[in-house]
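Student:
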């Protein structure tokens, strides 16, 4: 009932771990709590977090593409 | 703001009239045979595809209050207010992994609310009631906050008194009553496009006027240094508060009735997965909206209430007709979530209180009628809260609401993945998280952060996350200690 059909899952279950990467990248604040280097005038703190928007979407898309879904 | 500039007022009135017509016409959108069932009135027929869901959830999750309050917090304290950005990024991997499974259970068995799912999984009325009551009381102050967003716009237009707010809300209540979820779904298209236009214009025009982003950040940095508090990066003491607020808010976000209504109204699990990939576009927008707070500092604006910073910025930097357009975007941005929230709360009341306790034999049309009337009552309640109680009361309740709704996560989500927990243990966990969390927040003076001290070390975390940890620990302990009944409480899966 949980939607993780084992037949499907066996081929790409490692893909699910990609979804954890944004949590690591964003929840460990010392990674990015700096002003330098700046990008287009944005301190690191801001452009780093904004950059995670497309990265996170891309990772999710990779998981989506890698797993078959029937619903 | 003593004199009224007619241009922004006319622009605002035009767009408000437009969405009012759309709200009523929505009843005939994707014509159902009848609106007289919860599935039709309260979930739009469970047929919203990728794009409609994108607009609806985007319009419903990124609320008018967000547009007002996030820049206000950034304006006041700086980097700390930016936690809304990591929050609205990490929420989507969670949505992607969990919500399609929840959708599937709900669609297969006709569930319309979180408490329906809990009842179906555990067949235990007390847990269902706990989840339903939590959903309703967490949503009420959230609706009230939308009114605060709307009130900020009305104030910026130069209108005084409470009549404009009451009129706007009564109209909203009427078309929600007649069209159900179709109304906010249709209006969300207008609202979201308007917000995108405003924000893109703001992030292009304002830096050009204010000397570029480098100058904006420098001005903010200088202002925080002069003030002696806040800053454009975080002090070490705020690392854990920042990260735990982001994580806790992300876990709470899709437990609310209004966000779950968007999930249940989707056509398929795939619709939700695609949206988990596409919805971050709004997060990018939110990050840019947050920076309006710094633009307010760079523009040298001083406001009486921090919540006035965004309207004041639009007024000072945009031509007056475009400021009117921007106000309209925010005002309409309050209507969509307020409508969906009242529908979500009404669905809960109808399914998990009225049908469960008052009239178990109610038919589909009867359910829709109860839900419609409840949606009216819920909105009137929120309006009365704003008109007669101090604003701070709504803000405090909203904070507690986030803590409360998070306590429904174990009951709603754990059962989708494993069968180990029994309902009484989950209820004990819910009660512990709810009561101890509320007590902690209360004794901390209704602040979102709680400091845990263990010997010489102490760590400050979002109180909702602490309460969730208590909830889970209690649920595990009770489940281990209390022997399983001989007859399983779980129905056949």
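Residue numbers (this note's numbering), protein chains in the order written: chain S, 65 to 135; chain L, 485 to 977. C-beta: ideal position from N, C-alpha, C; glycine also. Keep in mind the model is a prediction, meaning the values are calculated, not measured.
(1) For residue 703 (chain L) and residue 945 (chain L), what's the separation of their Cα atoms in angstroms?
(2) Using a beta-carbon distance below 8 Å, is residue 86 (chain S) in contact with chain L?
(3) Do you know offhand how far residue 111 (chain S)'s Cα is from residue 103 (chain S)'s?
(4) Identify every residue that forms a DSSP beta bridge with residue 937 (chain L).
(5) What does the alpha-carbon distance come out to for the pair residue 779 (chain L) and residue 726 (chain L)?
(6) With a floor of 3 residues, list each beta strand (DSSP E) that falls wholly inside the stretch 544 to 571 of chain L, ordered by position along the chain.
(7) Answer with yes or no whether the minimum CB distance from residue 519 (chain L) to chain S is below 8 Å.
(8) Quick one: is residue 577 (chain L) near chain S, going by C-beta distance under 8 Å?
(9) Could you work out which residues of chain S lie near residue 767 (chain L), taking near to mean beta carbons separated by less than 8 Å?
(10) For residue 541 (chain L) and residue 743 (chain L), which I take to be in contact (beta-carbon distance under 8 Å), what is that distance rounded to the nearest angstrom?
(11) So who's on the other strand from residue 789 (chain L), going by DSSP bridges?
(12) In the structure shown, what three-state DSSP assignment does residue 578 (chain L) receive?
(13) According to the Cβ coordinates, are residue 618 (chain L) and residue 882 (chain L) closer than 8 Å?
(14) Should the stretch 561 to 581 of chain L be regarded as contacting the stretch 115 to 128 of chain S, the criterion being three or more beta carbon pairs within less than 8 Å?
(15) Using three-state DSSP, classify residue 738 (chain L) as helix, strand or coil.
(16) Can you check which of these residues, L:535, L:554, L:614 and L:875, is closest to residue 908 (chain L) by C-alpha distance?
(17) Using a Cβ-Cβ cut-off of less than 8 Å, give me the residues of the stretch 96 to 112 of chain S that come near chain L, in sequence order.
(18) Assuming residue 678 (chain L) and residue 809 (chain L) form a contact by the criterion Cβ under 8 Å, report the distance between their Cβ atoms to the nearest whole angstrom.
(19) For residue 80 (chain S), would you say it is in contact with chain L, using Cβ-to-Cβ distances shorter than 8 Å as the test?
(20) May I have the straight-line CA-CA distance separating residue 489 (chain L) from residue 641 (chain L), to the nearest angstrom?
(21) Helix, strand or coil, according to DSSP, for residue 502 (chain L) in the structure here?
(22) Answer with yes or no whether the minimum CB distance from residue 120 (chain S) to chain L is below 8 Å.
(23) Below 8 Å between beta carbons: does that hold for residue 940 (chain L) and residue 121 (chain S)?
(24) Can you check which of these residues, L:821, L:686, L:733 and L:863, is closest to residue 800 (chain L) by C-alpha distance?
(25) Leaving out five residues before and five after residue 66 (chain S) in sequence, what residues of the same chain have Cβ atoms less than 8 Å from its Cβ?
(26) Please name the residues in the stretch 739 to 773 of chain L whose beta-carbon is closer than 7 Å to at least one beta-carbon of chain S, in chain order.
(27) So what's residue 802 (chain L) in DSSP terms, helix, strand or just coil?
(28) Is it buried or exposed, residue 584 (chain L), if we count other Cβ atoms within 10 angstroms and call 16 or more buried?
(29) Can you list the residues of chain S that residue 563 (chain L) reaches, using a CB-CB cut of under 7 Å?
(30) Residue 103 (chain S) bridges to which residues according to DSSP?
(31) What are the uninterrupted segments assigned as alpha helix (DSSP H) that are 4 or more residues long and contained completely in the stretch 590 to 630 of chain L, given in chain order?
(32) Spatial neighbours of residue 533 (chain L) within its chain, please: CB distance less than 7 Å, with the 5 preceding and 5 following residues excluded, ordered by chain position.
(33) Using a beta-carbon distance below 8 Å, is residue 718 (chain L) in contact with chain S?
(34) Among L:590, L:510, L:556 and L:567, whose alpha-carbon lies nearest the alpha-carbon of residue 787 (chain L)?
(35) In angstroms with no decimal places, state the Cα-to-Cα distance between residue 701 (chain L) and residue 632 (chain L).
(36) Can you find the residues in the same chain that come closer than 7 Å, C-beta to C-beta, to residue 855 (chain L), ignoring five residues on each side of it along the sequence?
Tutor: Concretely, from the data shown:
(1) Along the second chain, one-based indexing puts residue 703 (chain L) at 219. Along the second chain, one-based indexing puts residue 945 (chain L) at 461. Note on geometry: alpha-carbon atoms of residue 703 (chain L) and residue 945 (chain L) lie some 30 Å from one another.
(2) By one-based count along the first chain, residue 86 (chain S) stands at place 22. Put simply, the CB of residue 86 (chain S) is near chain L, with a gap under 8 Å to one of its CB atoms.
(3) The residue you call residue 111 (chain S) lines up with position 47 of the first chain. The residue you call residue 103 (chain S) lines up with position 39 of the first chain. Take the alpha-carbon of residue 111 (chain S) and the one of residue 103 (chain S): they are about 7 Å apart.
(4) Here residue 937 (chain L) is taken as the residue at index 453 of the second chain, counted from 1. L:942, per the DSSP bridge assignment.
(5) Against the second chain, residue 779 (chain L) aligns to sequence position 295. Against the second chain, residue 726 (chain L) aligns to sequence position 242. Each residue's Cα considered, the two are about 22 Å apart.
(6) List check, beta strand (DSSP E) in window: nothing returned.
(7) Within the second chain, the letter at position 35 stands for residue 519 (chain L). Using beta-carbon distances, residue 519 (chain L) does not count as an interface residue toward chain S, since no partner is under 8 Å.
(8) Against the second chain, residue 577 (chain L) aligns to sequence position 93. Yes - at least one Cβ of chain S is within 8 Å of the one on residue 577 (chain L).
(9) Mapped onto the second chain, residue 767 (chain L) falls at position 283. Per Cβ cutoff of 8 Å: 117.
(10) Residue mapping note: residue 541 (chain L) aligns to position 57 of the second chain, counting from 1. Residue mapping note: residue 743 (chain L) aligns to position 259 of the second chain, counting from 1. With 8 Å as the limit, residue 541 (chain L) and residue 743 (chain L) qualify as a contact, their Cβ atoms being about 7 Å apart.
(11) One-based indexing of the second chain puts residue 789 (chain L) at position 305. Paired residues: none, contrary to the question.
(12) Taking the second chain and counting its residues from 1, the one referred to as residue 578 (chain L) is at position 94. The three-state reading of DSSP puts residue 578 (chain L) in helix, counting H, G and I together.
(13) Counting from 1 along the second chain, the entry for residue 618 (chain L) is found at position 134. Counting from 1 along the second chain, the entry for residue 882 (chain L) is found at position 398. No, the Cβ-Cβ distance between residue 618 (chain L) and residue 882 (chain L) is not below 8 Å.
(14) As far as the Cβ criterion goes, the stretch 561 to 581 of chain L touches the stretch 115 to 128 of chain S, which means the pair count is three or higher.
(15) Residue numbering aside, residue 738 (chain L) sits at position 254 when the second chain is read from its first letter. The answer is coil: DSSP assigns residue 738 (chain L) none of H, G, I, E or B.
(16) Reading the second chain from its first residue, position 424 is the one you call residue 908 (chain L). When only C-alpha atoms are compared, the closest one is L:614.
(17) Taking 8 Å as the Cβ-Cβ cut-off against chain L, the residues of the stretch 96 to 112 of chain S that qualify are 97, 98, 99, 102, 104, 105, 106, 107, 109 and 110.
(18) Reading the second chain from its first residue, position 194 is the one you call residue 678 (chain L). Reading the second chain from its first residue, position 325 is the one you call residue 809 (chain L). 7 Å between Cβ atoms; contact.
(19) Counting from 1 along the first chain, the entry for residue 80 (chain S) is found at position 16. Chain L contact via Cβ: present.
(20) Your numbering for residue 489 (chain L) matches position 5 in the second chain. Your numbering for residue 641 (chain L) matches position 157 in the second chain. It is roughly 7 Å from the alpha-carbon of residue 489 (chain L) to the alpha-carbon of residue 641 (chain L).
(21) Taking the first residue of the second chain as position 1, residue 502 (chain L) is located at position 18. DSSP places residue 502 (chain L) in helix when its eight states are reduced to three.
(22) Indexing the first chain from 1 puts residue 120 (chain S) at position 56. So, interface residue.
(23) By one-based count along the second chain, residue 940 (chain L) stands at place 456. By one-based count along the first chain, residue 121 (chain S) stands at place 57. Contact: no.
(24) The residue labelled residue 800 (chain L) in the question sits at position 316 within the second chain. For the residues L:821, L:686, L:733 and L:863, the minimum Cα distance to residue 800 (chain L) belongs to L:686.
(25) The sequence position of residue 66 (chain S) within the first chain is 2, counting from 1. Unreliable positioning characterises residue 66 (chain S) in this predicted model, as indicated by a pLDDT of 46, which lies under 50. The coordinate reading is nonetheless provided below. Nothing meets the Cβ criterion.
(26) The residues in question are 752, 753, 754, 757, 760, 761, 764, 767, 768 and 771.
(27) Within the second chain, the letter at position 318 stands for residue 802 (chain L). In this structure, residue 802 (chain L) counts as coil in the three-state DSSP scheme.
(28) Counted from its first residue, the second chain places residue 584 (chain L) at position 100. With 16 or more Cβ atoms within 10 Å of its Cβ, residue 584 (chain L) is classed as buried.
(29) As a position in the second chain, residue 563 (chain L) is number 79, starting the count at 1. Here the neighbours are 109.
(30) Here residue 103 (chain S) is taken as the residue at index 39 of the first chain, counted from 1. In DSSP, residue 103 (chain S) forms a bridge with S:106.
(31) Counting whole runs of 4 or more residues, the stretch 590 to 630 of chain L contains the alpha helix (DSSP H) stretches 598 to 606.
(32) Taking the second chain and counting its residues from 1, one reaches residue 533 (chain L) at position 49. Annotation for residue 533 (chain L): 751 and 755 place their beta carbon closer than 7 Å to its own, counting only its chain and skipping 5 residues before and after.
(33) Residue numbering aside, residue 718 (chain L) sits at position 234 when the second chain is read from its first letter. Cβ-Cβ to chain S under 8 Å: yes for residue 718 (chain L).
(34) Residue 787 (chain L) sits at position 303 when you count from the first residue of the second chain. Cα-wise, what sits closest to residue 787 (chain L) is L:556.
(35) On the second chain, residue 701 (chain L) is found 217 positions in, with the first residue counted as 1. On the second chain, residue 632 (chain L) is found 148 positions in, with the first residue counted as 1. If I take the Cα positions, the gap works out to 28 Å.
(36) Reading the second chain from its first residue, position 371 is the one you call residue 855 (chain L). Answer for residue 855 (chain L): 522, 525, 526, 830, 831 and 834, listed in chain order.
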